[in-house]
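Below you'll find the structure, written out as C-alpha cells, and then a few comments.
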Amino acid sequence: MRRVAPVLLVFLLALAYTVTCLPDEYATLTVLESGLVRVDYSLKVNATSIYDVSLIGTPISELGIIVTDQSGNPLAYDINKTSNTITILALNCTRINISYYTQTITTFSKGVWSLQYNSPIESIVKLPKGSTLISMQPIPLAVSTSDSNLVLEFPSGSVSLSFAYIPQSISQDKTTPQTTPQVNKQPASTQNGSSLAPGKPSQTSTQIFSAETIGIALAILLFAGIAMFYLLKRRNGNLSEEDREIIELLKKKGGGMFQSEIGQYVKMPTTTLWRRIKKLQELGYVKVEKVGGKNYVRLLRY
Numbered sequence: 004m005r006r007v008a009p010v011l012l013v014f015l016l017a018l019a020y021t022v023t024c025l026p027d028e029y030a031t032l033t034v035l036e037s038g039l040v041r042v043d044y045s046l047k048v049n050a051t052s053i054y055d056v057s058l059i060g061t062p063i064s065e066l067g068i069i070v071t072d073q074s075g076n077p078l079a080y081d082i083n084k085t086s087n088t089i090t091i092l093a094l095n096c097t098r099i100n101i102s103y104y105t106q107t108i109t110t111f112s113k114g115v116w117s118l119q120y121n122s123p124i125e126s127i128v129k130l131p132k133g134s135t136l137i138s139m140q141p142i143p144l145a146v147s148t149s150d151s152n153l154v155l156e157f158p159s160g161s162v163s164l165s166f167a168y169i170p171q172s173i174s175q176d177k178t179t180p181q182t183t184p185q186v187n188k189q190p191a192s193t194q195n196g197s198s199l200a201p202g203k204p205s206q207t208s209t210q211i212f213s214a215e216t217i218g219i220a221l222a223i224l225l226f227a228g229i230a231m232f233y234l235l236k237r238r239n240g241n242l243s244e245e246d247r248e249i250i251e252l253l254k255k256k257g258g259g260m261f262q263s264e265i266g267q268y269v270k271m272p273t274t275t276l277w278r279r280i281k282k283l284q285e286l287g288y289v290k291v292e293k294v295g296g297k298n299y300v301r302l303l304r305y
C-alpha cells in the first residue's frame, strides 16, 4: 500500500487538472445529504419526433418529472415502468431536458453512502459538500469542484462509488463563533442544491484548485480511503462460510435472486436464511427489496 499510494496520488492529481468539454448528451446526478439524487438529462435531438431514453434509477412519482425543450417549453411524454424508460414527443426540438428525483440508486450502511447506477450516456456526479470519497469504479474522466462540491465525470455504463461526509451545519457550528455575521447566505429552498422541485439543470461554473490545495485534499481522501479499506477488511472477517456462500451464489446468478430461490440452493431453514441476509444487508453487502410482495436480494459489493 505504501508503494501504491504516491502513484495513486499523482494520478488523481493529474485527473484534477483534466478539463473536458461537456458532451452533446450527458446526465448530471446531484446527490443530496439525505441520499436523494436529482437526475438531470441534457440530450441532443436528431431528426426524429419520438425519443426513447433509459432512466437512471426509478423516478419518485410524488415529486414528478419535468421534460422540456431547449427553450424550457414542456414536452409530452410517457413512462414505461416495466423497462424504466421514457418516451418523449419531441417535435421541432434541438435539445431535451429531463429532471426528476430518485432514491433507488443510493444505500447507506455503517456511516458510508454507496451510489450505484447504469447510465446510457456520460454522467457527472456531484457529491454533497464535505464528502470524503472512499472508492469508485471506473476511473473518472475528470475530477473537479463546483461550489465546493466534489464533481466526478464518468463514461457511459455502470458506475459504483462510496463516500462519507460531515454535514456542513455541524462543521460550521464547531468552527464559526455565533457572533460572526453570516453573509451571502443562499435561500433555504436552494441551499446545498437541495430544492425539492425538479427544474432545469443548473448551470454552475467549475473551479480547479491549485496544485498545493489539490495535493492536500487528495492526500486526505487517500488516507481516509486506506483507513476505510482496513476497516471494511476487518469487517469481512466476521463473515461465516454460510454468508460467503450466499454472496458467491448471488455473484453466479447475476447479482440478484429472490430469497425463496436462495433457499433452494443453500439448504438452510427460512428463519436462519433471513437472519443471514439481514446481517449481509447491515454490513452493506446486499440490499433487500420488495418485488411482487417477495424479498428480492440484490448484491451491492463482494
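Residue numbers for the sequence shown follow our numbering, beginning at 4 and rising by one.
For every residue, glycine included, the Cβ atom is placed at its ideal position computed from N, Cα and C.
The criterion of a C-beta distance shorter than 8 Å is satisfied by residue 116 and residue 109.
If the five residues before and after residue 68 are omitted, its C-beta is found closer than 6 Å to the C-beta atoms of 62, 103, all from its own chain and listed in chain order. With the rule of 3 Cβ pairs closer than 8 Å, the region 120–132 counts as touching the region 154–163. Judged by DSSP secondary structure, residue 54 falls within the beta strand (DSSP E) whose first and last residues are 53–57. A Cβ-Cβ contact shorter than 8 Å links residue 99 with residue 72. Of all alpha-carbon atoms in 132, 137, 165, the one lying nearest the alpha-carbon of residue 153 is that of 132.
Sixteen is the threshold: since fewer than 16 other Cβ atoms of the shown chains lie within 10 Å of the Cβ of residue 92, the residue is exposed. Bridge partners of residue 139 according to DSSP: 164. Residue 292 carries a strand assignment under DSSP once its states are collapsed to helix, strand and coil. The C-alpha of residue 79 lies about 17 Å from the C-alpha of residue 66. Per DSSP, residue 264 lies in no beta strand (DSSP E) segment; the continuous alpha helix (DSSP H) that holds it begins and ends at 262–269. For the 8 Å CB-CB criterion, residue 282 and residue 246 form a contact. Distance from the Cα of residue 84 is smallest, within the candidate group 58, 271, 97, 96, for 58. Relative to residue 30, the option among 45, 295, 244 whose CA is nearest is 45.
With 16 or more other Cβ atoms inside 10 Å of its own Cβ, residue 164 counts as buried. Take residue 140, set aside five residues on each side of it, and the residues of its chain with a beta-carbon closer than 6 Å to its own are 163, in chain order. Across the set 27, 94, 60, the C-alpha of 94 shows the shortest separation from the C-alpha of residue 52. For residue 284, the enclosing alpha helix (DSSP H) has its first and last residue at 273–285.
Residue 259 places its beta carbon 8 Å or farther from that of residue 286.
Ranked by how close their Cα comes to the Cα of residue 263, the residues 255, 280, 254 have 280 in first place. Around the beta carbon of residue 269, fewer than 16 other beta carbons sit within 10 angstroms, so the residue counts as exposed. Of the candidates 111, 89, 251, 111 places its Cα closest to the Cα of residue 36. Counting along the chain, residue 81 sits inside no alpha helix (DSSP H); it lies in the beta strand (DSSP E) bounded by residues 80–83. In the displayed model, residue 66 falls within a helix according to three-state DSSP.
Comparing C-alpha distances from residue 121 to each of 49, 136, 42, 48 shows the shortest one belongs to 42. Burial check for residue 60: the Cβ neighbour count within 10 Å reaches 16 or more, so the residue is buried. DSSP places residue 41 in the strand class (E or B) of the three-state scheme.
Our two residues, residue 298 and residue 272, have alpha carbons roughly 16 Å apart in a direct line. Around the Cβ of residue 86, a 10 Å sphere holds fewer than 16 other Cβ atoms; the residue is exposed. Residue environment analysis places residue 135 among the buried positions, since at least 16 neighbouring C-beta atoms fall within 10 angstroms of its C-beta. Counting only the Cα atoms, residue 166 lies some 24 Å from residue 253.
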